[in-house]
Amino acid sequence: DQQVKQNSPSLSVQEGRISILNCDYTNSMFDYFLWYKKYPAEGPTFLISISSIKDKNEDGRFTVFLNKSAKHLSLHIVPSQPGDSAVYFCAASGGNAGNMLTFGGGTRLMVKP
Amino acid sequence: ETGVTQSPTHLIKTRGQQVTLRCSSQSGHNTVSWYQQALGQGPQFIFQYYREEENGRGNFPPRFSGLQFPNYSSELNVNALELDDSALYLCASSLAPRTATYEQYFGPGTRLTVT
């Protein structure tokens, strides 16, 4: 039973355009959501997060939107840069998930120059 | 400030053998979590250690065990290796078991191949 899902395994975007990565969750007890970025041969690195009491959080080119009623969040990257090419993981925590992060399967983003 | 380090980088073991993976947490972090990332999937929580005690466990069998030392470094031990244990094992450290932002800092991982 996957509690966090990223339904798009890959996404290709032109440099300078917007990248939108999506994530759905089923556990209504999750109260915090995070996005991690992973380059090959490196561990995941924290990108941006959002609490369930908010619906938007912005940090530079990165914005995360949370729709609690739909149990859906998205990461917007504007403008996309070739260096953004990586695998992006959505993660959730809180409630009966305790102290662990529950990750989605990841979306591979390719930004073409 | 030293980040999270893991050793070895990769190793190959035979089914039925035992393996020990090591992790040094980021300076000032007292909590270590271990994750298993199978090919093409997201990381899955194995367990967390805080103050040298297991502080939460995911859906993994008892042959997955761990230790945390007084300097907050940690080991992951896997007994009776199975082919499905082949994966990238990630260690993550944090300031506390539960912080306001749940943020964890990951090491580069150990790639384990079981043949």
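So the protein sequences, as listed, match chains A and B.
Its first residue numbered 84, the first sequence is counted upward by one per residue in the working numbering.
Its first residue numbered -14, the second sequence is counted upward by one per residue in the working numbering.
Think of the CB as a built atom: it goes at the ideal place given N, C-alpha and C, for glycine as much as any other residue.
Residue i classed as buried or exposed, judged by whether at least 16 other C-beta atoms fall within 10 angstroms
i	result
F54/B	exposed
Y122/A	exposed
V87/A	buried
Residue i: contacting residues in chain B (beta-carbon distance under 8 Å)
i	result
S176/A	Y87
M183/A	S18, F30, Q33, G41, G43
F172/A	G27, P28
Which listed residue (the options) has its alpha carbon closest to that of residue i
i	options	result
D69/B	L80/B, V99/B, A77/B, L6/B	V99/B
Y35/B	G27/B, P47/B, W19/B	W19/B
C106/A	V147/A, G126/A, A124/A	V147/A
L97/B	P28/B, F91/B, Y74/B	Y74/B
8 Å Cβ cut-off: residues of chain A touching residue i
i	result
L6/B	In chain order: nothing, as chain A lies at least about 13 Å away.
F45/B	By Cβ distance, chain A contributes nothing, its closest Cβ being about 11 Å from F45/B, past 8 Å.
F49/B	Those within 8 Å of F49/B in chain A number zero; the least Cβ separation is about 14 Å.
L80/B	Within chain A, no residue comes near L80/B; the closest Cβ sits about 12 Å away, beyond 8 Å.
G92/B	G126
Residue-level contact to chain D via CB, residue i, 8 Å cutoff
i	result
A169/A	In the structure shown, chain D does not exist; the protein chains are A and B.
Contact set between residue i and chain B, taken where Cβ atoms lie within less than 9 Å
i	result
F145/A	Within 9 Å Cβ-Cβ: nothing; F145/A doesn't reach chain B, min ~15 Å.
Under 7 Å from the C-beta of residue i: neighbouring residues of chain B
i	result
G189/A	G27
F148/A	Neighbours of F148/A on chain B: none; closest Cβ ~18 Å, over 7 Å.
Chain-ordered chain A contacts of residue i [CB-CB under 9 Å]
i	result
L75/B	G126, P127
V(-11)/B	G126
Open item on the list: By the 8 Å beta-carbon criterion, what residues does the stretch 128 to 143 of chain A contribute toward chain B?
Closed with: T128, F129, S132
At which residue ranges does the stretch -10 to 20 of chain B contain complete beta strand (DSSP E) runs of 3 or more residues, listed in the order of the chain? -10 to -8, -5 to -2, 4 to 9
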